[in-house]
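Take 12 as the starting number for the sequence shown in this note's numbering and just add one per residue.
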Amino acid sequence: MDPLLETLEAAVQRLRQPPPVAAEVEKIREQLAEHRAQGLELDKLLPSFSALCCRGEELISRAAHDDPAAQAVRSRLLRLRSLWDEIRQRAEERESKLNDVLDLAGKFWADVAALLSTLRDSQDIVRELEDPGVDPSLIKQQIEAAEAIKAETDGLREELEFVRTLGADLIFACGETEKPEVKKTIDEMNAAWESLNRTWRERMERLEEAMTASVQYQDALQSMFDYLDNAVIKLCDMSTVGTDLGTVKQQIEELKQYKVDVYQQQIDMEKLCHQGELLLKKVSDQTDRDMIQEPLTELRHLWENLGDKITQRQHKLEAALLALGQFQHALSELQAWLSHTHTTLDTQRPVSSDPKAIEIELAKHHVLRNDVLSHHATVETVNSAAAELLESSPGDEASHLRDQLDQLNRSWESLLLKTQERQKLLEAALQQAEGFHGELEEFLQWLRRTESQLSAAKPTGGLPETAREQLQQHLELQAQLNQRAEQYHHLLDQGESMLLARGGEEAGPGTTQTQQNLAMLQNKWASLNTKMDDRRGKLEEAVSLATGFQTSLQDTMNWLTQAEQTLNMAQPPSLILDTVLFQIDEHKVFVNEVNTHREQVLALEKAGSQLRFASLKQDVVLIKNLLLSVQARWDKLVQRSLDRGRHLDEARKRAKQFHEAWRKLTDWLEEAEKRLDSEVEISNEPDKIKVQLTKHKEFQKALGSKQPVYDTTVRSGKAMRDKAQLPADQQKLDHLVGEVRDKWDTVCGKSVERQHKLEEALLFSGQFAEALQALVDWLYRVEPQLAEDQPVHGDMDLVSNLMDAHKVFQKELGKRTGSVQALKRSARDLMETGRDDTAWVKVQLQELSNRWDTVCALSVTKQTRLQQALKQAEEFRTAVQMLLEWLSEAEQTLRFRGVLPEEAETLQALLHTHRDFMGTVEEKRADVNKAAGMGEAILTVCHPDSITTIKHWITIIRARFEEVLTWAKQHEQRLETALTEVLNNANLLEELLSWLQWAETTLVQRDTEPLPQDIPQLKTLITEHQTFMEEMTRKQPDVDKVTKSYKRKPVEPPSSLAERRGARKHQQQQQQPSMQLSGGNPRLNQLCARWQQVWLLALDRQRKLNDALDRQEELKEFANFDFDVWRKKYMRWMNHKKSRVMDFFRRIDKDQDGKITRQEFIDGILASKFPTSKLEMSAVADIFDRDGDGYIDYYEFVAALHPNKDAYRPTTDADKIEDEVTRQVAQCKCAKRFQVEQIGENKYRFFLGNQFGDSQQLRLVRILRSTVMVRVGGGWMALDEFLVKNDPCRVKHPGLKILRSDSSSSISSRIARGRTNLELREKFILPEGASQGLAAFRSRGRRSKPGSRNASPTRSSSSASHSGASLPSAPSTPATPTASASSRSSLTHSRDYAKPWLAHSKTPTPTKCHCCPDLGHNHSAPEGAASGSKLKRPPFHSSRGSLTGENGGTPHSSKRSDPKRGAATASGPTSRAGSRAGSRASSRRGSDASDASELQDARSVCSDTSDTPRRPGSATKPSKIPTISKKAPSPKTPGSAKK
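This is how it looks when you write it as structure tokens:
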């Protein structure tokens, strides 16, 4: 019972103070496995526990109620049961807690990994986005993409909070040493989240800055072109040079005022050119550079032409003035101009220190210089005229005139010199400022890089080496900073000197900018120095912490090693009281030392936790392992110290108990011996002798009562001697036991001797009768103890004690021999004297002799019986010990059986070995039975005190033997079952392989046979194949059974939360899972491969048969196909669905251009679930496509379904206009519908509403090149563009445009949650062919001469501007090279500088020009190419000629087919005033907001993860974060449906 109690107490102690729960999944699994292994070990103690409980209850029931031994057994049983119950309860709680923490940790680490991956991928996507563009439409798309990314990442906030909650729960559940790791992971996740948000904010700031700059630039560019147009018109509208003086003067004055206005605008023009050059520096793509360069080049060209026109006008006026004889007036005008120009040069602002301000001044001076140079011809003319006048004038007038002329020439030369000097001064100042600011910007960039390098610095090192290395690197960086200090001070001095040199204009913008830059430099320098110092302080602190931690760790480990050596060298607990007390005192000193180091270990753990929290990952792992090692050693040391203390305490208790009993017994024996020694005198009086004899009998009773104490003490001493591990203890205990034994023998001997003397004295004193009676009484008293029916058998200890007691009795018997002989002599003497009682004496003597002989005989007999009992007990004990040793070995052998192998040969070898072991077990059964028989034989004659012990040993050997036998049988059964299963699986594997070979051969052979064209035969083949498939399905469980014992390779889980969510949205069921076995059995791998191959072949065969059957049935049905029947059936079906034909057509026509391809038509009908087939639809599409161009427009669609409604199609232009206006206005989704009223032919009243109220406008409407145009101001605008600008519901909301990228599905679905009813009406798709790329600036044709304006009514818009809702969109790349060539040959530039960010960019495709039919087919493509393209590109047509009257257009270069240019670059010429916006103006709205199927269609188009097939170029891996595709055009051709 004691060993089991110790085991259970150790187990419950472990459960009361369990190790802290880990935070990592693998470590928790290890802890759980270790806990379960401990549970299994405890379960193996259950039989022993049950047997002990049963035996204890039996002992308690048999013992008396107040028996102290029974009470001790009862208390121990209660303790045993309470420990067992507590262990069970705590083990269940521990396992439950470990399982809960395992689930929690699994969720936390998986979600953290996925979320971190998603956040980092998102940040990489944001960082890898292209730089902000220069075109507002592209920047707008980039902003929308960034907002979509933000909306998507905001959706991760819930998961972030959930992971944070999981992390908090895990921190609460795990141990103190694991908490920093979890906290660090959560902080890393939070840092990734903040970094993503910061990256997004920086991206948005850059985009907004780029948008502001681009809008300002384009506004300025547009206004400059508008001003140039108006200026040219104004210049051209000026009247011809007059013939009278007043008219010429008036015209000169008018030209002056005109030049002043042009002068101011030319300054703005120079600023605009400078801004364009700055944009050019930011752009690296050649296409984008061309887009910026082309309008600037044209603008400069226009300015040059305007300047030439002004100069020509000025020269004509001056020549006319001179021709009228007004030389003096011309001279005064020139002098006034010279003085004014001198004044302007003298009053110009001092040179600034800012490059931008200097560039502005330089631009102004450039305009002034051009004006000066333009007057060179005027000066020459005046000089030549003056020379003529000098020749014809008299002397005084000539002298005066010559003076004026000299003054004029001097002023002119001075002006040229001033102009040149100002030019040089400005250029030198600009070069100096640019050099300074460039150096300043480079220094600021270095400061920013260094600052970002500091901000992105890694965590500090946790080990001294790493921390020192980081500190050294930082010191090198600080040294670089110190080296830059000289450059910093030089820049400051240079900037201050520049500011001082520019003296009085401290408030100027340039000076302010320089001061701001210098202030920024100072702030950055100070901030960087502060950060460097802070970082250095942190690194030095980290070095100090790491060094201190390392030192403390080393000291702790050294002390642990020393303490472990102390425990290892400590002697085992002594069983001698003095020695064990000395050991306890020594151990108390050791425990105090351990307790004093507890704070040191706790401080070490705390320091390690702090280091782990802020250190590098590789250092964290090492620190964690070191701390775990120290903690494990510390825990082990504390546990060993506690165990030694407990063992010492137990040894002290046992030693104290023995020593107290020994001391009490020894003291009593010494007192008894002294008493016996003091009572030497024996009285001669009989009465006194009787009194002494009575007292001595009482002493002998007391001595007899001490017999159990003596036996217990001697037995305890022997047991302690056997358990003693120290030789000194064994000697000491032998000495103590021998000493008490000697004293006991001495006292017993002296007691017998005194009794003998008293009896002799009583006999000699004449008290023969009393002496005889005393001796006879003693013989009567000892005779029952020697009876043969008294049991003497039992265990070794009992028999030994009985033999010792019998030896004492034999000594006493020997000492009484003298008394008996003396009594016999006295009796003979009495009989010889002849007294009266001779007869009585004779009788008494005879009885004494008989009794004495009987006792002597019984003593010898008992001695013999005891010797036999001792021999039998020794044999029984030897047999039991041998059996217990063998059973322990057998249990160890059966307990540590590993996992069964999977090879049949190994299993057979194991089974053979185990059967040999079973034979050994059966052989041992005879030994068990023999030992049990010996025990049973002892039990029949056993002493009562030994019955329990003998029964216990018999029960133990039988129970353990039966347990070993049961385990052996179970293991044998497992081996046999495993072997049978392996053999069966091997046979089944061979059967399956042979069947698969037959099946594969059969399927391959059947596939080579041509399929019949007869439906019954096909059905027969399908039935046969179905039978084959059913047979294969029946064999599936056999395949699973064969492969189940092998691990399958797990499918790699999605790496991010976005992928997991995407996987949940569209899981695809697989017909047959792929099985990959990670085993070494090639036959199994062959089985899996063959099974997959046969399954795929069977599925392919089934598909072919079904397709053939469907084909034959379709052909059978199609043989009697009648389109009129099909049409009626379709119209009935549409009526049944209460759908309109127009709605259905609009739903198919995704880009609302009025045309759909044949494939779109077929797919749309089939997708609508109308009962038809592809074969029928091919024929129906041919009938619908009347003109055979590969497209079906709305009128063909309606005419085919309603053959009597051909009058529907408008014939005249007025009808076409009315139809188009009605169709466009019908797309309005406003609550108050946009109203248009026809007033007359080509006249409509539009009811407009704006922020200032409602208004009505009468507009002219006409058709130009198949496009309905509305008269706006002085030009024409496409109808759809006009409606986009005036109909509120047609403007796209900025946050709702979703880029069509492969990963935008979840974004569209996320944004759809917050749509209003108005927003739900819109389809968020880009039309086919529309590009998200940069739309190029389009050059426009030059304005014609004033007389040519009457030739074209489209003054402010290009005639090639078309409606996005009535014409197909242009592909960015032609379908064929021929078509590409044809397109390129007919395309020319057209300028359009409207504000394209007001509408989405959908590029229209111009139709064939009505007025130039021949030019449209100059380079016609082959017939195939023509039929494969929906585009009919017109030749270049512009309503504006150049200033010189020629057509200024240039043919398209080969770059126009570059997909990077997008659809906008491939479009035909468009208007400058607004058709570019109109080209993007397709609102792509649906036709009816209540049409649920249309809404579903819009969503399905937006979502790449929907049931619609992916585009071939799309990525295979869905992602929640959108990947911005800069330019991804997809041509719309008849052969490819619109996605």
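Even glycine gets a Cβ: it sits at the ideal position worked out from N, Cα and C.
Values in this document were obtained by computation on a predicted structure and should not be read as measured data.
Exposed or buried, residue i, counting other C-beta atoms within 10 Å across all chains shown (16 or more means buried)?
i, result
"T1168", "buried"
"N812", "buried"
"I244", "exposed"
"F183", "exposed"
"T152", "For clarity, residue 152 is Gln in the given sequence; the question names Thr instead. That one is buried."
"G1286", "buried"
"L539", "buried"
"W1102", "buried"
"K706", "exposed"
"V23", "buried"
"Q703", "buried"
"L930", "For the record, residue 930 in the displayed sequence is Gly; it is not Leu. Classification for G930: exposed."
"F1129", "exposed"
"K664", "exposed"
From the DSSP output, in three-state form, read off residue i for me.
i, result
"T471", "strand"
"I1274", "strand"
"M1288", "strand"
"T1183", "coil"
"I160", "helix"
"H954", "coil"
"K1166", "strand"
"S250", "coil"
"D1557", "Lying before the first or after the last residue shown, residue 1557 is absent from the chain, which here runs from 12 to 1550."
"H76", "coil"
"H804", "strand"
"S837", "helix"
"S626", "strand"
"N1092", "coil"
"K38", "helix"
"S142", "What sits at residue 142 in the sequence shown is Asp, not Ser. It is coil, neither helix nor strand."
Can you name the residues that DSSP bridges to residue i?
i, result
"R1256", "E1248, L1269"
"M1280", "R1273, A1289"
"S385", "Paired residues: none, contrary to the question."
Using beta carbons (cut-off 8 Å, strictly below), is residue i in contact with chain D?
i, result
"L130", "Checking the listed chains, one finds no chain D in this structure; it contains a single protein chain."
Checklist entry - Does the pairing of the region 1146-1164 with the region 1103-1123 give three or more beta-carbon distances under 8 Å? => result no
Next on the checklist: Would the region 779-797 count as touching the region 712-732 if we require 3 or more Cβ pairs under 8 Å?
Outcome noted: no
Item to check | Contiguous alpha helix (DSSP H) assignments of at least 4 residues, all confined to the region 878-910 | outcome: none
Checklist entry - Taking contact to mean at least 3 C-beta pairs separated by less than 8 Å, is the region 974-987 in contact with the region 821-840? => result no
Next on the checklist: I want to know whether the region 385-398 touches the region 341-351 - three or more CB-CB distances under 8 Å.
Outcome noted: yes
Checklist entry - What are the start and end residues of each continuous beta strand (DSSP E) run of 3 or more residues lying completely inside the region 909-979, in chain order? => result none
Checklist entry - Is the region 37-57 touching the region 937-954 in the sense that three or more CB pairs, one from each, lie closer than 8 Å? => result no
Checklist entry - With a cut-off of 8 Å, do at least 3 Cβ pairs link the region 987-1006 to the region 917-925? => result yes
Next on the checklist: Using a Cβ distance threshold of 8 Å, determine whether the region 305-315 contacts the region 143-151, with at least three qualifying pairs required.
Outcome noted: Result no; under three Cβ-Cβ pairs closer than 8 Å.
Item to check | Contact between the region 828-841 and the region 886-902 (3+ Cβ pairs under 8 Å) | outcome: no
Checklist entry - Hey, is the region 1292-1300 in contact with the region 1237-1245, meaning 3+ C-beta pairs nearer than 8 Å? => result yes
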